[in-house]
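> Have a look at this one before I ask anything.
4 protein chains.
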Amino acid sequence: MAESQPRFLASDNTSGICPEAMETLLEANASDDLAYGNDRWTQLASDRFRELFETDCEVFFVFNGTAANSLALASMCQSYHSVICHQLAHIETDECGGPEFFSNGSKLLNVGGDNGRITPSGIATTVTRRGDIHYPRPKVVSLTQATEVGTLYSLDELRAIREVADRYELKIHMDGARFANACAALECSPAELSWRSGVDVLCFSGTKNGLAFGEAVIFFDRRMAEDFEYRCKQAGQLASKMRFISAPWLGLLDSGAWLDNARHANAMASRLAEGLKDVEGVELMFPVQANSLFLELPSRVQQTLRERGWTFYTFIGEGGVRFVCSWNTSPELIDALRDDIIAALASSGR
Amino acid sequence: MAESQPRFLASDNTSGICPEAMETLLEANASDDLAYGNDRWTQLASDRFRELFETDCEVFFVFNGTAANSLALASMCQSYHSVICHQLAHIETDECGGPEFFSNGSKLLNVGGDNGRITPSGIATTVTRRGDIHYPRPKVVSLTQATEVGTLYSLDELRAIREVADRYELKIHMDGARFANACAALECSPAELSWRSGVDVLCFSGTKNGLAFGEAVIFFDRRMAEDFEYRCKQAGQLASKMRFISAPWLGLLDSGAWLDNARHANAMASRLAEGLKDVEGVELMFPVQANSLFLELPSRVQQTLRERGWTFYTFIGEGGVRFVCSWNTSPELIDALRDDIIAALASSGR
Amino acid sequence: MAESQPRFLASDNTSGICPEAMETLLEANASDDLAYGNDRWTQLASDRFRELFETDCEVFFVFNGTAANSLALASMCQSYHSVICHQLAHIETDECGGPEFFSNGSKLLNVGGDNGRITPSGIATTVTRRGDIHYPRPKVVSLTQATEVGTLYSLDELRAIREVADRYELKIHMDGARFANACAALECSPAELSWRSGVDVLCFSGTKNGLAFGEAVIFFDRRMAEDFEYRCKQAGQLASKMRFISAPWLGLLDSGAWLDNARHANAMASRLAEGLKDVEGVELMFPVQANSLFLELPSRVQQTLRERGWTFYTFIGEGGVRFVCSWNTSPELIDALRDDIIAALASSGR
Amino acid sequence: MAESQPRFLASDNTSGICPEAMETLLEANASDDLAYGNDRWTQLASDRFRELFETDCEVFFVFNGTAANSLALASMCQSYHSVICHQLAHIETDECGGPEFFSNGSKLLNVGGDNGRITPSGIATTVTRRGDIHYPRPKVVSLTQATEVGTLYSLDELRAIREVADRYELKIHMDGARFANACAALECSPAELSWRSGVDVLCFSGTKNGLAFGEAVIFFDRRMAEDFEYRCKQAGQLASKMRFISAPWLGLLDSGAWLDNARHANAMASRLAEGLKDVEGVELMFPVQANSLFLELPSRVQQTLRERGWTFYTFIGEGGVRFVCSWNTSPELIDALRDDIIAALASSGR
């Protein structure tokens, strides 16, 4: 690989479709089937989710994460209600106002918290700060698991949040853009990490787990899912050829690739962290608990890395950079990045 | 094929991905690439559209037709404006309020018209009926080409509509769910059938033409496309792995399959019409000009056909049935349907 | 009065504030009071409504009818639901898409029906026509009492509509722009004409009854009113100096003017109908049951009347004209109009 | 006045209608007139605004401040755009998500700044922080004059903001809830303080200046006002009896009361500040530049004041209290408050 060619670690969405998902996609393409989710693949995949989560949950497939989170939140509150989330939450920082658009105006109330995690006391403070009708009434807590900065909520932390949510009659939404990575890292079952810890609605990302497109919105309380299929349809999120979302999901779930892919991605992030841990001048910004790694790097070093083809995001307002590993990130790529970082630091005079 | 197995003619969205699209999909999966449309496939496909339409148009890829039409319309008017469309238009009858949702309230003003086509006089009457602020001001005419009932607007009809649109300062949106079928049937170039006939924004469907997902929203006046990428993002229509929409589109366009698929589907609809033309008791509801065919059939006949595995939609309020042919509809399937219709009619005592 | 001066019969909103309402308005202005409805006037007026309706209803004051109806409907359904109403209903014809805007996209499903009234069978047909997710699910029936064409639903008709609404799990909204006129004409109590006949939410107009501004949105089932005050606030319908809406309402209710005003207006419409009943060439378009009267008049006659200062609306698509009487319409004005109509008809050669 | 009776200084919206406004209100009630702003009062008041602002501006009357600001902002950007405002701005803290609702999702980007004022550098930082489509693009700067904390932007500060706004192609909205107070305090003409300093759209409050209801939304660039009357209508902000908003405005403007009322209110706030300036333990939180005064007071002192009938708001998260003076605040009331504060402080042991 020539150095000018891109080497992708900017996000887990630069990877393609994993073999297990591709296999069922091709199989689903072998014959015609009914549209709008009335096909056999969608039925099978939904049942498979119910097995995985060990409960009779309701499952909906939508195209992407913006829609999954926004539609779920819109179904959990009205326009004059509000959603409590971390100030670094994706719904706040990277959805271009999607949640506000789908809900017709629900405000996101930002709270701080170390390592991208909100805390019970942060929630309580936010709920009790205002109680008048001039401010939108909080109805939902939105958690990201794994968080935007690659950290995790433990089961205990989730249960403590459920407790405060109960006290203030709040529902809990989980943005599971990297839910599989969280399951893998915490060695928890999907059930433990969702409804058994108090999550009401989970948006489980397939795109970041090895699909081309497609997130599953999972309601653990079926009453909350009433007419959600109409909501999806109206909002442009009902795929006519839905089997091309659900069949790949079935491939992921049946083969266990959903978990293997996540474990691999997590391992690659750990490998990078390990490889850099004794390097002088390299500081991790957050604990590496899932598949992302954040470093503060001098801008000259960032520049050198870009010249060598590495793609990565800078972390707004922090001067840091983010690397995200995926199901197809190779150890060789990780080691090459480590070497390039070390070399760039050395030549930058640190 | 056993008679109890489904035989799909309900819609062109029960077919899968055509070989030409699958080939580039697989190719796009061979290596990682940038997200959110910054990949090379999206660039190539967009350029290919500009060649096809012989103009420097702006192209956006979204997931499905609900979104394509709704976002395009929302960008062409404000919430207190209105859209003139045929009372049988898909945006009116089958989008569950999608256009109203995306636009935050724009009203669809329904007009009648033979064979699913609106006329210049229908438009003029609608625009001039009200001129006060208690009624939403018409800003857009939405045409479906081919129409919901499988008919076509001729170039002359389109130009006459453009003329009345100019008189009342209306923009023209074309729902091109079956635009390829229209090009094939009319033997017109895409340019002739769109901007050269006065269309401002075209929603060109890939899903019905052989893709898994993905419609192209094409703005012929680039100024009208300002910030449309933000609109797509906010509304959950920016695919992170966009190359899995754009690469299949490139496959369709480069190979000419977009037109071949459409020609084939049209031919199959004609074959069915031809096969039934001398059958007593069979009446076509509309001229068969593209890939759909509408028949009035006694309910006992409909019942028999369903029992033999045929899937089809009934046509609301008309007692009719709809058959739609696709890129992979075989002559054998068409002939089998013809035979089954004839047999069912005979045994129903007509 | 010189003939060139305007003589107002176009609508009951060209009249001003009636004396009883003005008296309490002035009284409320005599001293400062708390804002946002925490004043004593708002409390008193709300209690007075509960007495009038003989039930523990929830009452909210908003600025105008567009908002009252739109907010009420938005609280009764979600954006992917729909509202069944008469094709002549004000919410359909004269709110510039207000209901769709406030609800973020709920579609109004129009039904016909003689004399501006929808029927149980019209409702049933509309609900059962579609049952798929591609069409917004009906959730609400909206009735206008008195109707847009000055007719009335009898108690029996209302109960029959409640029955069909129960069958299909629909809620009933009543647009009471002229609810007082209906109570007066039918000699029914407000309770009989609303919740006892199955109405869930009533928008009771004060503006047309003698106020400057202000409608009461009345929920007979308090659970349906949950957080409605937040909805009003967010939507710009929470008056800071709310006492200037509620105090005039109290004046209307306490004095009985709400009913006297309505009776007077109805009587004036009857007087006009009576005065024209034997006039050749004059045809009532609808029975005169409340305070409006619709006539078909030749355009030359209409022109003559306008030149003599009469203000009135033409009735869209019917070639008719509408006269509406108000709390301050005088018998002399009515008689002068009758004379002018007769004279204009005579000189127009009929 | 017994001590248990309320003494109103919580807001300038607890006062009633000033005599000059009442006079024209009564006059407008003397005869019928056309609805929806076609009356002569609305025409006169609009012209009077154009004189006052010395330019051919476009004027619209709406019911309240939530609506005025939200509709103005919605007209200045699309749902995927954003509005830069101070973190203490009313649109952010006290409109229950109104701006997001009316705009269908535009995000408010909060910036800090001393004394409730945003700065050119704060704007520049916010605009340049993000330039990608995952974040709503800034289009508008919203300023509050006088600010929420009773301070003022000088003409120089406004011009500096205009400069940075020009650099980034931003429009400027001014929330003029207390615009009259700003004109009075700065001894500037309305023109100087608005369009001559770069303001594009001004929401000029009548409610806080002595009306019952009614704000004027003033567009200095008429092209930006295109179809704004439709927007108002759809959003429930077109008063049918509009003369009861516009006539009182005419009274305010013609008599000069708009300015006298503001001067008086400002003087009363100054009087209170002056009366407390040498009192030990009393600290002003912000300079007193208009008609509001913010103090930090121990909670025991606050409690004592409430027991003596004083109404005031606490200032979120700051432990402070707010007093706002109005057109009818008397010197005696101010002096009584001063005395009560001093007495309460003394008895609380400070």
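Chains as they are written, first to last, in this note's numbering: chain A, 194 to 543; chain B, 194 to 543; chain C, 194 to 543; chain D, 194 to 543. All C-beta atoms, glycine included, are put in the ideal place defined by N, C-alpha and C.
Does chain B have any CB closer than 7 Å to the CB of D/Asn544?
Residue numbering for chain D in the displayed model covers 194 to 543; residue 544 of chain D lies beyond these limits and cannot be assessed.
> Return the CA-CA distance between D/Glu196 and D/Gly502, expressed in angstroms with no decimal places.
Its pLDDT being 46, under 50, D/Glu196 is placed unreliably in this model, and the coordinates cannot settle the point.
> Helix, strand or coil: how does DSSP classify C/Met367 here?
Strand.
> Just checking: is the beta-carbon of B/Asp205 within a distance shorter than 7 Å of some beta-carbon in chain A?
So, not an interface residue.
> Output needed for C/Asn459: all residues of its chain with C-beta closer than 7 Å, excluding positions within five of it in sequence on either side, in chain order.
Around C/Asn459: Asn374, Ala377, Ala378, Ala483, Asn484.
> If we ignore side chains and look at the alpha-carbon of each, how far apart do D/Thr318 and C/Gln338 end up?
Using only the alpha carbons, I get a separation of about 56 Å.
> Contact between the segment 423-441 of chain C and the segment 269-284 of chain C: three or more CB pairs below 8 Å?
Cβ pair count under 8 Å is below three, so no.
> With a floor of 3 residues, list each beta strand (DSSP E) that falls wholly inside the segment 199-260 of chain A, ordered by position along the chain.
If we require 3 residues or more, the beta strand (DSSP E) runs fully inside the segment 199-260 of chain A come out as 251-255.
> Comparing the C-beta of A/Tyr423 with each C-beta of chain C, is any distance below 7 Å?
Taking Cβ atoms only, chain C reaches closer than 7 Å to A/Tyr423, which makes this a yes.
> On the CB-based measure, 16 or more other CB atoms within 10 Å of its CB, does A/Gln496 come out buried or exposed?
Burial call: exposed.
> So for A/Lys401, helix, strand or coil by DSSP?
Note: A/Lys401 maps to helix in three-state DSSP.
> Excluding sequence positions up to five away, which residues of its chain have a Cβ less than 6 Å from the Cβ of A/Leu404?
Cβ neighbours of A/Leu404 beyond the five flanking positions: Ala214, Pro441.
> Any C-beta of chain A within less than 7 Å: which residues of the segment 272-303 of chain C qualify?
Residues Ser272, Tyr273, Asn297, Gly298.
> Can you give the Cα-Cα distance for C/Asn257 and C/Ser296, rounded to whole angstroms?
Cα to Cα, the separation comes out at about 17 Å.
> Scan the segment 316-340 of chain C for residues whose Cβ lies nearer than 8 Å to a Cβ of chain A and list them as they occur along the chain.
Result list: Ile326, His327, Pro329, Arg330.
> Taking only the alpha-carbon atoms, compute the straight-line gap between C/Met435 and C/Arg371 and give it to the nearest angstrom.
Taking the straight line from one Cα to the other gives about 22 Å.
> Return helix, strand or coil for A/Phe508, following the three-state DSSP convention.
A/Phe508 falls in the strand class under three-state DSSP.
> Under 7 Å, do C/Ala551 and C/Cys211 count as touching if we go by C-beta distance?
Look at the range of chain C in this structure, 194 to 543, and you will see that residue 551 of chain C is not part of it.
> Less than 7 Å between C-beta atoms, sequence neighbours within five positions excluded: which residues of the same chain meet that for C/Arg233?
If we look at C/Arg233 and ignore the five residues flanking it on each side, its Cβ neighbours are Asp226.
> Can you pull the chain C neighbours of A/Gln427, defined as C-beta to C-beta under 8 Å?
Within 8 Å Cβ-Cβ: Ser272, Tyr273, Gly298, Pro329.
> Anything in chain B within Cβ reach of D/Gly420, meaning under 8 Å, just list it in chain order.
It should be noted that the sequence gives Asp, not Gly, for residue 420 of chain D. Simply Gln271, Tyr273, His274, Arg330.
> For D/Ile311 and D/Val304, what's the separation of their Cα atoms in angstroms?
Their Cα atoms are separated by approximately 7 Å.
> Quick one: what's got a C-beta closer than 6 Å to C/Asp205's C-beta in the same chain, skipping five residues either side?
Correct list, in chain order: Lys401, Val517, Ser519.
> Where do the N-terminal and C-terminal ends of the alpha helix (DSSP H) with D/Glu500 fall, by residue?
Its alpha helix (DSSP H) spans residues 492-500.
> When the distance is taken between beta carbons, is D/Gly444 closer than 7 Å to D/Thr217?
Yes. Within cutoff.
> Quick one: Cα of C/Asp249 to Cα of C/Phe413, how far?
So the alpha carbons of these two residues sit roughly 7 Å apart.
> Using only CA atoms, which one of A/Glu341, A/Ile411, A/Met269, A/Gly513 lies nearest to A/Phe246?
Residue A/Ile411 is the option with its Cα nearest to A/Phe246.
> Between the segment 343-360 of chain B and the segment 282-299 of chain B, are three or more C-beta pairs nearer than 8 Å?
Flag = no, the segment 343-360 of chain B and the segment 282-299 of chain B do not touch.
> Does B/Thr337 come out as helix, strand or coil in the three-state DSSP assignment?
Looking at B/Thr337 - three-state DSSP - the assignment turns out to be strand.
> Please report the distance separating the alpha-carbon of B/Arg322 from that of C/Ala384.
If I take the Cα positions, the gap works out to 39 Å.
> List, in order along the chain, the chain D residues whose C-beta lies closer than 8 Å to that of C/Ala228?
Chain D residues near C/Ala228: Ala203, Ser204, Asn206, Thr207.
> Give the straight-line distance between the Cα atoms of A/Ser268 and A/Phe421, rounded to the nearest whole angstrom.
Going from the Cα of A/Ser268 to the Cα of A/Phe421 covers about 8 Å.
> So, under 8 Å CB-CB, B/Arg330 and D/Tyr423 are touching, yes? Tell me the CB distance rounded to an integer number of Å.
So it is a contact: roughly 6 Å between Cβ atoms.
> Is it buried or exposed, B/Ser263, if we count other Cβ atoms within 10 angstroms and call 16 or more buried?
The residue is buried, with at least 16 neighbouring Cβ atoms inside 10 Å.
> C/Val392 to B/Ile316, Cα distance in whole Å?
One C-alpha to the other measures close to 38 Å.
> Spatial neighbours of C/Ala358 within its chain, please: C-beta separation below 8 Å, excluding the five flanking residues on both sides.
Taken in chain order, the residues that qualify are Ile316, Val334, Lys364, Ile365, Gly391.
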